[in-house]
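*Asks:* FYI, the numbering for the sequence shown is 26 to 244, going by the working numbering.
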Amino acid sequence: MLDLYARTWQGKALGEDEYVISADEKTSIQARCRCHPTLAPGQARAMRVNHTYGRGGALAYLAAYDVHHAKVSGRTEPRTGIDPFMNLVTQVMSQEPYASAKRVFWIVDNGSSHRGQKAAARLTAAFPNTVMVHTPVHASWLNQAEIYFSVVQRKVVTPNDFTDLTQVGDRLRAFEDRYNATAQPFQWKFTTSDLDDLLARLDRHTADQQEESSVALAA
Numbered sequence: 026m027l028d029l030y031a032r033t034w035q036g037k038a039l040g041e042d043e044y045v046i047s048a049d050e051k052t053s054i055q056a057r058c059r060c061h062p063t064l065a066p067g068q069a070r071a072m073r074v075n076h077t078y079g080r081g082g083a084l085a086y087l088a089a090y091d092v093h094h095a096k097v098s099g100r101t102e103p104r105t106g107i108d109p110f111m112n113l114v115t116q117v118m119s120q121e122p123y124a125s126a127k128r129v130f131w132i133v134d135n136g137s138s139h140r141g142q143k144a145a146a147r148l149t150a151a152f153p154n155t156v157m158v159h160t161p162v163h164a165s166w167l168n169q170a171e172i173y174f175s176v177v178q179r180k181v182v183t184p185n186d187f188t189d190l191t192q193v194g195d196r197l198r199a200f201e202d203r204y205n206a207t208a209q210p211f212q213w214k215f216t217t218s219d220l221d222d223l224l225a226r227l228d229r230h231t232a233d234q235q236e237e238s239s240v241a242l243a244a
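#1: Using the three-state DSSP reduction, which class does H159 fall into: helix, strand or coil?
#2: Please name the residue, chosen from D28, E201, G67, L197, that lies closest to L84 on a Cα-to-Cα basis.
#3: Identify the continuous alpha helix (DSSP H) that holds K143 and give its terminal residues.
#4: Does DSSP put D28 in a helix, in a strand, or in coil?
#5: Identify every residue that forms a DSSP beta bridge with S98.
#6: Please list, in chain order, all residues of the same chain as H93 whose beta carbon is under 8 Å from its beta carbon, the five residues on each side excluded.
#7: Classify R138 as buried or exposed, calling it buried when 16 or more other Cβ atoms lie within 10 Å of its own Cβ.
#8: By the 10 Å Cβ neighbour count, where 16 or more other Cβ atoms means buried, how is R57 classified, buried or exposed?
#9: Report the rounded CA-to-CA distance for D195 versus I172, giving the unit in angstroms.
#10: Given a cut-off of 9 Å on the beta-carbon distance, is the pair G136 and S175 in contact?
#11: D28 and W34 look like a contact to me (Cβ under 8 Å); what is the Cβ gap, rounded to whole Å?
#12: For chain D, find out if any of its Cβ atoms is closer than 9 Å to the Cβ of L220; answer yes or no.
#13: When burial is assigned at 16 or more other CB atoms within 10 Å of the CB, is V162 buried or exposed?
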């Protein structure tokens with residue numbers, strides 16, 4: 026996965042017709058309609074958001090982020106799952122440049138919508154030019170789609186003040202358009218060398234703990 030971020034795969038550089046997609050789901054975005062209007066920030070005054078609200082339902086936001094071109098393709102669904110995820114894949118893979126690409130790598134975490142070899146086989150069966158790559162278990166933070174969702178949380182969802190789910194979807198799509206018009210690729214700095222150093226430190230830490238335990242037992 027880290028090699029893909031550096032545009033290499035199995036020791037070979039990716040070609041111009043090969044793409045890397047980070048995909049994930051942001052679950053349960055609620056439409057909370059505040060009982061009193063939100064007041065915009067003013068001089069020496071922070072934004073004021075009423076703490077009481079009415080619930081207008083929730084939806085899931087699925088997004089596929091092109092790592093090297095900073096392009097997002099997203100959609101809203103009533104919930105997450107295999108079918109909603111494959112809807113996202115179809116949305117992306119049916120458009121250029123991905124439809125005619127030599128290979129499109131899909132980086133995903135181990136969520137139930139795309140877990141394991143069955144998910145990888147399902148993806149390749151639907152689109153033969155795709156390759157699914159999973160993040161390590163408990164390491165979904167390595168998926169760059171998580172960074173995009175962090176931006177969405179700060180720029181779109183917070184404060185959560187929507188009249189209904191239609192407004193949530195409209196706001197997300199409008200943000201996508203603006204993001205795609207202005208964004209630059211993330212400056213990813215965690216490389217395979219950094220990973221090797223981290224694993225070496227963990228090995229040393231484990232060895233030190235085992236040695237301390239042995240000394241304590243001998244005493």
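Cβ coordinates follow ideal geometry from the N, Cα and C atoms, glycine included.
*Replies:* So, from the listed chains and residues:
#1: strand
#2: L197
#3: 141 to 151
#4: helix
#5: A89
#6: R32, Y44, V45, P210
#7: Per the sequence shown, the amino acid found at residue 138 is Ser instead of Arg. So S138 ends up on the buried side.
#8: buried
#9: 21 Å
#10: no
#11: 6 Å
#12: Within the model displayed, chain D is absent; a lone protein chain is all it includes.
#13: exposed
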